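Structure record follows, encoded as structure tokens.
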Amino acid sequence: TLITATYKRDLSTPALRQAFRNEMKQLLKPFDSPDYRIRTISLPFIAEEISESFFRDLKLVLPSTALVILFIIGLTLRSFSYLVLLLLSEVTLLAMLPGILNLAGFSLTPYNLLLLPLLGAINLTMLTHQLIALRKTDAGLPMDERFATMLRVVFRPSMFAAITTAIGLGSLAVSGVSQVRDFGISGMIGIGVLFAWNFGPGLSFLRLGCRAWPSGIRLASNDLRQQQIDSLFHKLGQAAMAKRWPAVVVSTTLLLPALFAAGHLNLDIRAVRFLSPDSPTRKMAEMMDARMGGINIVQLDFDTGKPNGINQLEFLRKMQSVQDFAEGTVRFSSTYSYASLMAMMNGIWTVDESGELSLPSNPLTLNLFVLALKATNYPFLQALCDETNQKAHLVLRTTDMASGEFVSLLKSVEQFAKDTMPEGVTVSAKAGLHTILQADREIVAAQLGSLVITIIAMLAAMTVLWHSLKLAAVSLGISLVPLAVLAVLAASFEVPLNSVTVMVAALVLGISIDDAVHLVTHWVQLKKQGVEPAKALVESLEAKGPAILCTSLILIGFSVSLLWISFPPVQDFGWLSAAAYTAALAAVLFALPSLLAPKR
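Dropping the structure here:
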């Protein structure tokens, strides 16, 4: 049996929701036994359950992820002092970002929380580029000259990468969905902050650190040249130039399956899929869906605009016709309303055993029913109307179905109600699970819709920066390879595209473009200095490859660690982003040099 309880209390903070949950546990504890199992389901309880499991998982994931990051950075830099400087700078910036965003009017929410990993990864890229370029300067030069040389190498590419990434995030600002718009604007602010930090206070911090630990950057010039000749990136550059056509073939053959996959992405958003299969709330929801008429419950409000306005026969007849329309769709498992309550009372009053519910025809009889309900303080009345009898509710319920189908079904009933109700009555559906599903659908649609704007804006920015449409098109085309891989994987494994998983595309495109801009800008600079294109390409890989590899491996490691989070959308985000970052790494370090290499 199902007991429905209506509660009215402040549940705006996690502490208040937790207190409510604990109170309910204590109330139900005496009645729970092996013979009679009691389960509860409520949106505040779901929010607290997700929050608890998320923070519990983080306690396991964060330490292992931190060890992986330390290992990768240490292997790349091979200097303890460098490692300490990089981590201190990274932690300082990430600690400042929430406060800076809050001052700008943006707070961290589940919809923009993934902005921090993106900004953290871009910051790591800038820092790693700085430290590697600094270490590759001539050890015989004074410290100030080494920093000046490093800045000549990294400042321009870092600025261009920041501009293109900011433009990509800025394109989200045109979205009509507030969460997506806030993500884009706060992302632009974050990019500006980290660029100002890395080439302002952060740079001064590195200078102080290098003066305190000068041994970290004392690398003999001869040893450096020998390392470059024997390095992985020197060999990678030679191999890339030799394998131009295989790279072209692989990149272009991904296009057709990616376009096909894009049209077959799983846009079916369902509430239960946001919970772990082992979640008590999900088990309760699935049991209700299978045995008790479904979990999709929505409340349609009819506001007459005046006290006691719902106790008019004309209003009740119109409301009953809306309920009949909903039942006529044969899609709702149950419907009940203030009008149906009055019709049931009339059946009892008239001793009607036909089962056909009909409203009273006499206003005096209706008023008698109203007085009887108020006198007995009928407990279920609060779910059907407000205390002043100005607003009445129609409650609709269905079994679990695709969010788009559910929202469309609800809109058809809402539209019929607006066309049917008397003048002056407003109809709205603000309470119910559909509001969450609809918001999630709008976020997904806004993200997908802004993708075209993002690509065009990035293409224009890179064309201006390099004064070459061809070079910008090649770089952007290669940066879209991981998105193609992402689309194929998501469609093949029918991963639900929701507000969490859809963020993978934005994050991967931002990182891929960032890496491509660093590599190409350095190559263009070397060519302007008179270096032969093929040699310039190898030198660019030598200069930029380690930082690109380091940050990509960090992101892949972080993404893989998310598989241990008990939140299904985050798990999907983890393995999809790991695969996309891997594809982006291969595209930037091999496919892009292959296309940039001069024809033989």
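Take the position in the sequence shown, starting the count at 1, then add 10; the result is the number in my numbering. Glycine residues also receive a C-beta, built at the ideal position from the N, C-alpha and C atoms. Every value quoted in this text rests on a predicted model; they were computed, and no experiment measured them.
Excluding the five sequence neighbours on either side, which residues of its own chain have a C-beta within less than 8 Å of the C-beta of residue i, listed in chain order?
i, result
"G315", "Q400, G434, V435, T436"
"V259", "none"
"R166", "T531, Q535"
"F379", "M352, M355, N356, W359, P370"
Let me check understanding here. Comparing Cα to Cα, which of the options lies closest to residue i?
i, options, result
"A272", "L37, T11, L129, V505", "V505"
"F325", "G109, F270, L404, D278", "L404"
"I320", "P290, N306, V78, E397", "E397"
"L285", "I51, L265, E366", "I51"
"W574", "G84, T75, A295", "T75"
"T23", "S261, A557, F55", "F55"
"A105", "V484, W207, F165", "W207"
"W585", "M411, F568, E415, F90", "F568"
"K183", "A336, L461, H139, D20", "It should be pointed out that residue 183 corresponds to Ala in this sequence rather than to Lys. Nearest C-alpha to A183: L461."
"A471", "N387, D148, A176, D525", "A176"
"G200", "H244, P127, A268, T147", "P127"
"L369", "A597, S347, S576, P287", "S347"
"D410", "A149, G212, D278, V71", "D278"
"S261", "M297, A494, G210", "A494"
"T174", "H528, L419, L53, L213", "H528"
"A588", "L499, E58, L551", "L499"
"I566", "N356, P543, A594, V332", "A594"
"A171", "T16, I523, M297", "I523"
"E263", "F577, A596, Q539, V491", "Position check: residue 263 holds Thr in this sequence, whereas Glu was assumed. Answer by Cα proximity: V491."
"M354", "G365, T345, S344", "G365"
"T511", "G520, R217, L496", "L496"
"F583", "S604, A515, A544", "A515"
"Q539", "V163, G555, L420, S343", "V163"
"C560", "G84, P44, L77", "G84"
"L242", "L606, L98, A553, D42", "A553"
"D67", "A597, A596, L572, L606", "L572"
"F342", "E415, Q392, E363, M297", "E415"
"L420", "L107, A336, Q330, I466", "A336"
"G194", "A546, G520, L391", "G520"
"V94", "L12, A300, L218", "L218"
Measuring only the C-alpha atoms, how far is residue i from residue j?
i, j, result
"L144", "F157", "6 Å"
"K18", "M352", "24 Å"
"G129", "L103", "In the sequence as presented, Gly is not what sits at residue 129; that position holds Leu. L129 and L103: Cα-Cα distance of roughly 10 Å."
"F205", "E155", "22 Å"
"F302", "R47", "Sequence check: residue 302 is Met here, not Phe. Each residue's Cα considered, the two are about 16 Å apart."
"L507", "N276", "6 Å"
"I387", "L374", "Note that residue 387 is Asn in the sequence shown, not Ile. Cα-Cα distance, rounded: 20 Å."
"T430", "L406", "18 Å"
"H274", "A526", "29 Å"
"K384", "A402", "15 Å"
"Q248", "V548", "7 Å"
"W359", "A382", "12 Å"
"T135", "W476", "21 Å"
"L599", "S485", "12 Å"
"A250", "L551", "11 Å"
"G212", "V203", "11 Å"
"L479", "L111", "35 Å"
"A412", "A482", "40 Å"
"A149", "L70", "42 Å"
"S618", "R49", "For residue 618 there is no data in the structure shown, the boundaries of the chain being 11 and 610."
"R132", "L602", "The identity of residue 132 in the sequence shown is Ile, whereas the question assumes Arg. Taking the straight line from one Cα to the other gives about 20 Å."
"W223", "H244", "29 Å"
"T159", "G178", "30 Å"
"Q322", "L391", "17 Å"
"L376", "F426", "25 Å"
"F41", "F65", "30 Å"
"E7", "L265", "In this structure the chain extends from 11 to 610, so residue 7 is not present and cannot be described."
Among residues of its own chain, excluding the 5 on either side of residue i, which ones have a beta-carbon nearer than 6 Å to its beta-carbon?
i, result
"I564", "I79, I82"
"F116", "D192, S196"
"L310", "L404, A439"
"S562", "Y591, L595"
"S168", "M136"
Identify, in the order they occur along the chain, each residue of the same chain with its Cβ nearer than 7 Å to the Cβ of residue i, setting aside the five sequence neighbours on each side.
i, result
"L141", "L87, Y92, L96"
"A295", "I51, V282, I305"
"K328", "T430, M431, P432"
"A557", "T135, T138, H139, I142"
"P608", "P543, A544"
"T592", "I566"
"A57", "R27"
Within 7 Å of any Cβ in chain B, is that where the Cβ of residue i sits?
i, result
"P506", "Absence of chain B from the displayed structure is noted, only one protein chain being present."
Item to check | Any beta strand (DSSP E) of 3 or more consecutive residues that is wholly inside the stretch 362-446 | outcome: 401-408, 436-442
Checklist entry - Which parts of the stretch 504-570 are runs of the beta strand (DSSP E), unbroken and 3 residues or longer, counting only runs that do not cross its ends? => result none
Next on the checklist: Extract the residue ranges of the alpha helix (DSSP H) inside the stretch 69-137, only unbroken runs of 4 or more that lie entirely within it.
Outcome noted: 90-113
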